[in-house]
Amino acid sequence: MIKDISNMDYFKQLPRLIVLALAPLVSSAAGWNIDPLRIDLSPIKNTAAMTITNASNQTTTIQIQPVAWSQVQGKDVYLPTKELLVTPPIVTIPAKSSQIIRMALRIPADKSNETAYRINLQEISPTTSDNMTAVDVAMRVSVPVFIQPQFGKAEPKLSWKVSSAPDNMIKMELYNVGNAHVKITDFTLLSVGVEHAVATETGANYILAGQSHTWLLKMLGPETVVDQHLHLKAFTDTANVDTVIVVDKP
């Protein structure tokens, strides 16, 4: 049975609005591994399990906290939530051992849009100070949780916009007008025909349904975009992008 942990003192210590950028997902942190690194739930499947394996030679204690995940003007916003339950909220895993974490969605899925949460895992250890209730945060990992809508197919719909910017920069904007997230891992802008790389971006970025993201990219060479077109190659968690886009005038 899933235990309601919504009244934990931990939640009371959180500010009402938390805006922060979490580190990219990693499969291993401080000697412990997580499987899977992404949770997908649906109206039919509203429960899931995750395994944390302590591969180190020392006992580790991990605190687990679910948060509601949204975006405002390209910034991630996290709020304490009662909608996604996770149990147990704190685990102590002996060396070379594993612990199963279970989660359940308490509310119906949205009718038409994907919804998003994150499960934050923090490794904690007792502090050496006189205050025995304090803890030191050793490592933090965040696992995304996506809830499929009740009706229809959830998929992103991408609209790219490129424009020149001062100081030899290029402004890239991505609007996700679909009803599901997209994860952009990296992309490159190339000159059409010659196929020289004009600008490139690496690193993962999530753009949730109905949200947008902006990048300011330094041009790789002295050349300018003469023909006002650029060849875009991008990699996502749904499908790769290979298209030519018009460069807007500043």
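Numbering-wise, the sequence shown is residues 167 to 416 according to the working numbering. Where is the CB? At the ideal position from N, CA and C, for every residue including glycine.
What would DSSP say about residue i, mapped onto helix, strand or coil?
i, result
"K384", "strand"
"S236", "strand"
"I230", "strand"
"N279", "coil"
"P274", "coil"
"Q377", "coil"
"S285", "The residue asked about is misnamed: residue 285 is Ile in this sequence, not Ser. I285: strand per DSSP, three-state reduction."
"I210", "coil"
Are the C-beta atoms of residue i and some chain C residue less than 9 Å apart?
i, result
"G318", "In summary, chain C is missing from the structure at hand, where a single protein chain is found."
What are the boundary residues of the beta strand (DSSP E) that includes residue i?
i, result
"I267", "S263 to L271"
"K399", "H395 to T402"
"L207", "I205 to L207"
"I200", "W198 to D201"
"K241", "K241 to P246"
"T225", "Unbroken run through T225: none, as it is neither H nor E."
"V214", "Per the sequence shown, residue 214 should be read as Ala rather than Val. Where A214 is concerned, the enclosing beta strand (DSSP E) stretches over T213 to N220."
"I411", "V407 to D414"
"I259", "I256 to I259"
Return the Cβ separation of residue i and residue j in integer angstroms, given the expectation that the two are a contact with Cβ distance under 8 Å.
i, j, result
"I273", "E289", "With 8 Å as the limit, I273 and E289 do not qualify as a contact, their Cβ atoms being about 30 Å apart."
"P209", "A275", "5 Å"
"A346", "P322", "5 Å"
"S378", "G240", "6 Å"
Given that a residue counts as buried once 16 or more other Cβ atoms are within 10 Å of its Cβ, and exposed if not, what is residue i?
i, result
"L215", "This sequence places Ala at residue 215; Leu is not what is there. With fewer than 16 other Cβ atoms within 10 Å, it is exposed."
"S308", "buried"
"N406", "exposed"
"F317", "exposed"
"P315", "buried"
"V410", "exposed"
"T354", "buried"
"A400", "buried"
"G369", "exposed"
"T258", "exposed"
"A189", "Its pLDDT being 35, under 50, A189 is placed unreliably in this model, and the coordinates cannot settle the point."
"L396", "buried"
"R204", "exposed"
Check whether the Cβ of residue i lies closer than 8 Å to any heavy atom of the ligand NAP, and answer yes or no.
i, result
"M305", "The ligand NAP is absent from the structure shown, which contains no ligand whatsoever."
Discussion item. Just to confirm the assignment: which complete beta strand (DSSP E) runs, minimum length 3, are found wholly within the stretch 303 to 367?
Written reply: 324 to 331, 335 to 342 and 348 to 357
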